[in-house]
Amino acid sequence: MSNDDTPRFEPYEHPAGGWGSLKAVAAALRQARIPIAGAQALARQNKPGGFACVSCAWAKPAQPHAAEFCENGAKATAWELTDQRAGPAFFSSHTLTELETWSDHDLEAAGRLTVPMRWDARTDRYVETGWDEAFEAIGQALRAVPPQARDGVVFYASGRASLEASYMYQLLARRYGTNNLPDSSNMCHESTSVALPQTLGVPVGTVTLDDFEHTDAIFFFGQNVGVSSPRMLHQLQAARRERDIPIVTFNPLKERGLVSFANPQSPLQMLTPATTDISTQYHQLRIGGDIAAITGLCLALLQADDEARARGEARRIDTAFIAEHTHGFAAFEAYLRACRWEDIERESGLARAALESAAAVFARARSVICVYGMGLTQHRHGVLNVQMVSNLLLMGGHVGRPGAGICPVRGHSNVQGQRTVGITEKPELAPLDQLKKLYGFEPPRGKGLDTVGACEAIRDGRLHAFIGLGGNFLRAVPETALVEAGWRRLPLTVQVATKLNRSHVVHGQAAYLLPCLGRIEIDRQRGVPQTVSVEDSTGFMHASDGVAEPAAATLRSEPAIVAALAQAVLGPDPGVPWAEWSADYAKVRDAIEATWPDVFRAFNERFRTPGGFHRPIPARQREWKTPTGKANFIVPDRPPADAGAQPSDPAVLRLMTVRSDDQFNTTVYTLDDRFRGIYGTRRVLLMNRADIERLGLAEGMQVVAETAVDDGVRREVGGLRVTPFDIPPGCAAGYYPECNPLLPLWHHAEGSHVPAAKSIPIRVRPLPASLP
Ligand SMILES: Nc1nc2c(c(=O)[nH]1)N[C@H]1C(S)=C(S)[C@@H](COP(=O)(O)OP(=O)(O)OC[C@H]3O[C@@H](n4cnc5c(=O)[nH]c(N)nc54)[C@H](O)[C@@H]3O)O[C@H]1N2
Ligand SMILES: Nc1nc2c(c(=O)[nH]1)N[C@H]1C(S)=C(S)[C@@H](COP(=O)(O)OP(=O)(O)OC[C@H]3O[C@@H](n4cnc5c(=O)[nH]c(N)nc54)[C@H](O)[C@@H]3O)O[C@H]1N2
Ligand SMILES: [Mo]
């Protein structure tokens with residue numbers, strides 16, 4: 003079943019996209035056994051009247067391309083539309099103890115779940131149960147938790163569920179009595195949600211697709227566009243080819259999509275070897291070196307500005323903007339002037355000249371966009387990383403000007419939207435007074451558990467129940483061993499899911515698995531097809547209509563499941579029309595509009611606008627919704643020399659856990675990573691050749707990675723194969739989720755609690771068997 007053949011390593015010299023991409027799409031469709039007719043669903047991906055892709059959250063243009071999907075979107079579609087089924091017959095032939103030994107790939111490859119199931123302790127199997135029976139049992143268990151103990155129940159969401167389902171879900175949790183609404187965002191862009199309100203007064207990015215047509219320079223930090231948001235390559239290619247816009251990239255790895263791209267939708271490029279070079283400058287900085295690197299960029303700008311001023315030339319920083327619109331520049335300038343280039347060079351791993359040439363591009367541009375991803379957010383200093391990007395942009399006045407701004411690239415297809423409609427553990431971000439007014443109840447006011455908090459509670463045996471609306475919590479979170487042990491002791495786990503994963507086969511003392519429709523499928527309520535909606539990375543809201551017949555007639559939609567759960571858990575609930583909502587989603591949209599009239603004005607009328615409708619983003623108009631009423635410079639609380647990017651012990655490496663080209667988070671399509679030239683295995687440790695030699699290791703050697711912290715917990719991942727790679731010295735890379743057991747729960751971003759998955763300190767030792 004699994005394709006763990008002999009591993010193969012060969013550099014991939016082709017551009018991202020191109021024939022390689024088309025081949026991969028065809029292979030994905032074949033593997034999922036999608037007949038070509040079914041593949042027609044792809045033609046309606048990200049189009050008006052079609053569905054919003056279930057892969058990434060990148061913006062969907064008003065005038066779509068002929069095929070507005072990418073290789074990875076096609077794989078995600080194929081994965082959901084597979085004709086494989088994990089129904090009652092599948093579960094009667096496998097105990098959960100047996101399924102625990104299966105790989106992530108094999109579990110999901112079993113196919114779509116079809117009927118509601120409960121774990122049967124006697125046979126150690128999931129057995130079919132009726133929907134009503136399942137809801138009644140879950141309702142009874144949750145009702146039995148006394149009101150004062152309801153903070154012992156967690157309502158997790160992974161960022162895929164629609165705005166409608168998510169709104170209902172947060173209301174269910176709050177009506178039940180808790181703000182425990184962690185979501186995948188807690189492991190992802192929470193550093194953004196904490197950083198940007200302080201600097202720019204918005205929780206989201208400020209850039210729209212249109213800005214890419216007006217920008218003069220694009221800076222990329224820690225985002226792997228070719229894998230994680232490939233449709234953005236259209237914008238980058240247009241910027242490069244049509245307007246020769248410089249793209250400056252900061253990434254420890256030379257990622258294919260940031261190097262070159264051939265558009266598989268352009269007949270010309272498919273016939274000729276015409277590829278577009280994407281990055282005009284590529285800076286392979288050290289893992290965790292961004293604060294130092296951006297400090298270097300800002301200092302170089304300042305020094306260039308000093309010289310320009312001395313010569314009576316035009317300024318290199320936007321002094322008028324800084325004076326009128328910002329707060330804290332003097333302190334930031336003082337910080338910069340006190341920094342030493344030798345510290346910046348050592349911490350970033352980049353030469354001063356390299357940083358100065360990047361700063362020169364920045365200084366010349368009238369409008370700059372800064373794009374970033376997990377390479378910035380998943381660090382101890384994840385919040386400060388984001389704020390440094392914001393500082394850099396503010397020095398040039400690059401916010402609230404066409405073609406300029408900050409562009410966090412969100413992960414799951416509706417993760418930004420879930421936050422917008424109230425899925426948050428932070429009571430101050432939820433419209434509690436409005437909910438009280440609309441539904442006549444007293445919402446809980448206490449802080450809920452975020453993902454790290456939920457893991458602690460699971461580990462320590464403090465929870466009564468865990469409800470998951472999608473996702474694969476157990477596999478996605480840090481501290482695998484301890485959290486898994488706690489997970490097994492949970493009194494109740496309930497998972498709403500499309501496919502089987504580790505969070506289901508490892509389960510609580512009572513466990514329910516509720517199978518749902520995916521977004522690609524037609525969702526009929528009382529015979530009427532329903533539409534849902536999502537928010538993309540740039541703050542546009544889109545309608546999404548299913549196009550494929552459901553994988554099984556027994557499936558229910560997420561809104562219907564949430565509504566039924568709510569009725570079972572809350573009992574008669576005169577305040578909220580759950581049944582009406584699940585029969586007609588337009589009524590949920592009316593409720594969303596009533597809750598946030600500014601963001602969702604005329605929601606039902608506007609949500610079919612081609613290209614979506616935009617939420618208000620005050621920073622775009624240079625309105626700063628911050629405590630100072632200005633955009634704020636943030637001064638790092640320590641100089642780059644103390645930023646801690648470099649471990650003091652030379653035997654300790656910084657490990658980043660990354661995604662391959664052939665996975666979507668914990669969903670592993672195959673064991674290949676074409677762009678990095680790794681085939682047939684994910685159990686690798688990518689290392690610099692000099693480190694391999696220095697540490698007495700050898701190419702191909704099997705090693706154990708051990709977390710280099712001293713907290714009394716032993717964390718190891720064995721069977722990793724030493725693989726020489728173009729990565730800076732002192733740095734290593736491995737795959738998520740295989741390396742998650744190495745990530746301590748307390749090793750997370752200050753301020754946002756995003757697990758620091760990109761900088762795990764490790765030691766490496768040979769497996770005894772591979773010693774001579
Ligand atoms: N095909 C595919 N698409 C996806 C996903 C998927 O798994 N597969 N996942 C979705 C989700 S939920 C998310 S959040 C996004 C994630 O998309 P990305 O934000 O691209 O996240 P990663 O793939 O984890 O890798 C981030 C990049 O950061 C770089 N990096 C690591 N450490 C550092 C550092 O210290 N500094 C800098 N400058 N760079 C660093 C890595 O080399 C890598 O290129 O993608 C979404 N889209
Ligand atoms: N070490 C390390 N850990 C990480 C990261 C990292 O880079 N490194 N990245 C983090 C990030 S950015 C994220 S976002 C999290 C992801 O964490 P999660 O969002 O929890 O995980 P996913 O792998 O996206 O969840 C996949 C499962 O979702 C279910 N599913 C798929 N589609 C649907 C649907 O339409 N409805 C429902 N109800 N279920 C569905 C399927 O059962 C599938 O098995 O992981 C985080 N963990
Ligand atoms: Mo994510």
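With our numbering as the guide, the letters of the sequence shown map in order to residues 3 to 774.
Ideal Cβ placement from N, Cα and C applies to all residues, glycine included.
Next on the checklist: For Ala-39 and Pro-552, I'd like the C-alpha separation in whole angstroms.
Outcome noted: For the purposes of this step, residue 39 is identified with residue 37 of the sequence shown, where counting begins at 1. For the purposes of this step, residue 552 is identified with residue 550 of the sequence shown, where counting begins at 1. Legend: pLDDT at Ala-39 = 47, less than 50; position of this residue unreliable, no value from coordinates given.
Item to check | Span of the beta strand (DSSP E) around Thr-709 | outcome: One-based indexing of the sequence shown puts residue 709 at position 707. Looking at the DSSP string, the run of the beta strand (DSSP E) that includes Thr-709 is 704-709.
Checklist entry - By how many angstroms is the C-alpha of Leu-657 removed from the C-alpha of Ala-54? => result Position 52 of the sequence shown, counted from the start, is the residue given in the question as residue 54. Position 655 of the sequence shown, counted from the start, is the residue given in the question as residue 657. The straight-line gap from Cα to Cα measures roughly 34 Å.
Item to check | Ala-581 vs Ala-565 beta-carbon contact at 8 Å | outcome: Position 579 of the sequence shown, counted from the first residue, corresponds to residue 581. Position 563 of the sequence shown, counted from the first residue, corresponds to residue 565. Yes, Cβ-Cβ distance for Ala-581 and Ala-565 is below 8 Å.
Item to check | Euclidean distance between Cα positions of Val-370 and Arg-491 | outcome: Position 368 of the sequence shown, counted from the first residue, corresponds to residue 370. Position 489 of the sequence shown, counted from the first residue, corresponds to residue 491. Using only the alpha carbons, I get a separation of about 51 Å.
Checklist entry - Would you say the beta carbon of Glu-560 comes nearer than 7 Å to a heavy atom of ligand 2? => result To locate residue 560, count along the sequence shown from 1; it is residue 558. Result yes, Cβ under 7 Å from ligand 2.
Checklist entry - Quick check: the stretch 13-33 against the stretch 68-75, are there 3 or more CB pairs under 8 Å? => result yes
Next on the checklist: Let me check you understand the geometry: is the CB of Cys-190 closer than 7 Å to at least one non-hydrogen atom of ligand 1?
Outcome noted: The residue given as residue 190 occupies position 188 in the sequence shown. For ligand 1, at least one heavy atom lies less than 7 Å from the Cβ of Cys-190.
Item to check | Segment contact flag, the stretch 308-317 with the stretch 398-415, C-beta cutoff 8 Å, min 3 pairs | outcome: Too few Cβ pairs lie closer than 8 Å, so no.
Checklist entry - If you scan the stretch 237-314 from start to end, which runs of the beta strand (DSSP E) of 3 or more residues do you find wholly inside it? => result Counting only runs of 3 or more, we get 249-252, 262-264, 283-285.
Checklist entry - What does DSSP give as the partner residues of Trp-748 in its beta bridges? => result The residue labelled residue 748 in the question sits at position 746 within the sequence shown. Note: Trp-748 sits in no beta bridge, so no partner.
Item to check | Cβ separation of Asn-182 and Gly-450, assumed to be a contact under 8 Å, to the nearest whole Å | outcome: Locating residue 182 in the sequence shown gives position 180, counting from the first residue. Locating residue 450 in the sequence shown gives position 448, counting from the first residue. 4 Å between Cβ atoms; contact.
Next on the checklist: For the structure I just gave you, are there three or more beta carbon pairs, one from the stretch 105-122 and one from the stretch 523-536, closer than 8 Å?
Outcome noted: no
Checklist entry - Quick one: is Glu-834 buried, meaning 16 or more other Cβ sit within 10 Å of its Cβ, or exposed? => result The structure shown does not extend to residue 834, since the chain is modelled only from 3 to 774, so the question has no answer here.
Next on the checklist: Can you look up Leu-352 in the DSSP assignment and give me helix, strand or coil?
Outcome noted: The count along the sequence shown starts at 1 and reaches residue 352 at position 350. In the structure shown, Leu-352 sits in coil (DSSP, three-state: anything other than H, G, I, E or B).
Next on the checklist: Is Ser-392 a contact residue of ligand 3, with contact defined as CB to any heavy atom under 7 Å?
Outcome noted: Position 390 of the sequence shown holds residue 392. Every heavy atom of ligand 3 is 7 Å or more from the Cβ of Ser-392, so no.
Item to check | Through-space distance from Asp-212 to His-67, alpha-carbon basis | outcome: Taking the first residue of the sequence shown as position 1, residue 67 is located at position 65. Taking the first residue of the sequence shown as position 1, residue 212 is located at position 210. So the two alpha carbons sit approximately 15 Å from each other.
Next on the checklist: Among Arg-177, Cys-409, Arg-342, whose alpha-carbon lies nearest the alpha-carbon of Ile-619?
Outcome noted: Taking the sequence shown and counting its residues from 1, one reaches residue 619 at position 617. Taking only the C-alpha atoms, the option nearest Ile-619 is Cys-409.
Checklist entry - For the alpha helix (DSSP H) that contains Phe-157, what are its first and last residues? => result If you number the sequence shown from 1, residue 157 lands on position 155. First-last for Phe-157: 155-159, but that is the beta strand (DSSP E), not the alpha helix (DSSP H).
Checklist entry - Which of the three DSSP states, helix, strand or coil, is assigned to Phe-635? => result By one-based count along the sequence shown, residue 635 stands at place 633. Of the three classes helix, strand and coil, the one that applies to Phe-635 here is coil, per DSSP.
Checklist entry - Under the DSSP definition of a beta bridge, which residues are partnered with Tyr-514? => result To locate residue 514, count along the sequence shown from 1; it is residue 512. The partner list for Tyr-514 (beta bridge, DSSP) reads Arg-120, Val-496.
Checklist entry - Is Ala-76 helix, strand or coil when you go by DSSP? => result Within the sequence shown, residue 76 is the residue found at index 74, counting from 1. Helix.
Checklist entry - Would you report the Cα separation of Arg-10 and Pro-726, rounded to the nearest angstrom? => result Locating residue 10 in the sequence shown gives position 8, where the first residue counts as 1. Locating residue 726 in the sequence shown gives position 724, where the first residue counts as 1. Straight through space, the alpha carbons of Pro-726 and Arg-10 are spaced by roughly 13 Å.
Next on the checklist: Taking 8 Å as the cut-off, does the stretch 161-173 touch the stretch 130-142 (at least 3 CB pairs, one atom from each stretch)?
Outcome noted: no
Next on the checklist: My assumption, with CB atoms under 8 Å, is that Ile-522 sits in contact with Gly-488. Please give the rounded CB distance.
Outcome noted: Taking the sequence shown and counting its residues from 1, the one referred to as residue 522 is at position 520. Taking the sequence shown and counting its residues from 1, the one referred to as residue 488 is at position 486. Here Ile-522 is actually not in contact with Gly-488; their C-beta atoms are around 35 Å apart, not less than 8 Å.
Next on the checklist: Could you give the first and the last residue of the continuous alpha helix (DSSP H) run that contains Met-170?
Outcome noted: Counting from 1 along the sequence shown, the entry for residue 170 is found at position 168. Note, Met-170: alpha helix (DSSP H), 165-178.
Checklist entry - Which residues in the same chain have their Cβ closer than 8 Å to the Cβ of His-750, if we skip the five residues on either side of it in sequence? => result Here residue 750 corresponds to residue number 748 of the sequence shown, with the count starting at 1. Setting aside the 5 residues that flank it on each side, His-750 is surrounded in the same chain by Arg-382, Val-454, Pro-480, Val-756, Pro-757, Ala-758, each with a C-beta closer than 8 Å to its C-beta; the list follows chain order.
Next on the checklist: Let me confirm a value: Leu-173 is counted as buried when at least 16 other C-beta atoms fall within 10 Å, else exposed. Which label applies?
Outcome noted: Locating residue 173 in the sequence shown gives position 171, where the first residue counts as 1. So Leu-173 ends up on the buried side.
Next on the checklist: Judging by CA-CA distance, which residue of Gln-497, Arg-421, Ile-680 is the nearest neighbour of Thr-194?
Outcome noted: To locate residue 194, count along the sequence shown from 1; it is residue 192. For Thr-194, the closest of Gln-497, Arg-421, Ile-680 by C-alpha to C-alpha distance is Arg-421.
Item to check | Ala-219 vs Val-250 beta-carbon contact at 8 Å | outcome: Within the sequence shown, residue 219 is the residue found at index 217, counting from 1. Within the sequence shown, residue 250 is the residue found at index 248, counting from 1. Yes, the Cβ-Cβ distance between Ala-219 and Val-250 is below 8 Å.
Checklist entry - Would you call the stretch 235-252 and the stretch 688-697 in contact, with 3 or more CB pairs under 8 Å? => result no
Next on the checklist: Taking 7 Å as the cut-off, is the C-beta of His-400 nearer than that to any heavy atom in ligand 3?
Outcome noted: Position 398 of the sequence shown, counting from 1, holds the residue named residue 400. Because no heavy atom of ligand 3 lies under 7 Å away, the Cβ of His-400 does not count as near it: no.
Item to check | Backbone CA spacing between Phe-137 and Tyr-587 [nearest angstrom] | outcome: As a position in the sequence shown, residue 137 is number 135, starting the count at 1. As a position in the sequence shown, residue 587 is number 585, starting the count at 1. Answer to the nearest angstrom: the Cα atoms are 21 Å apart.
Next on the checklist: Does the distance between the C-beta of Gly-224 and the nearest non-hydrogen atom of ligand 3 fall short of 7 Å?
Outcome noted: Indexing the sequence shown from 1 puts residue 224 at position 222. Checking the Cβ of Gly-224 against ligand 3 gives no.
Checklist entry - Can the beta-carbon of Val-654 be found closer than 8 Å to that of Tyr-337? => result Locating residue 654 in the sequence shown gives position 652, counting from the first residue. Locating residue 337 in the sequence shown gives position 335, counting from the first residue. Not in contact: Val-654 and Tyr-337 (Cβ atoms no closer than 8 Å).
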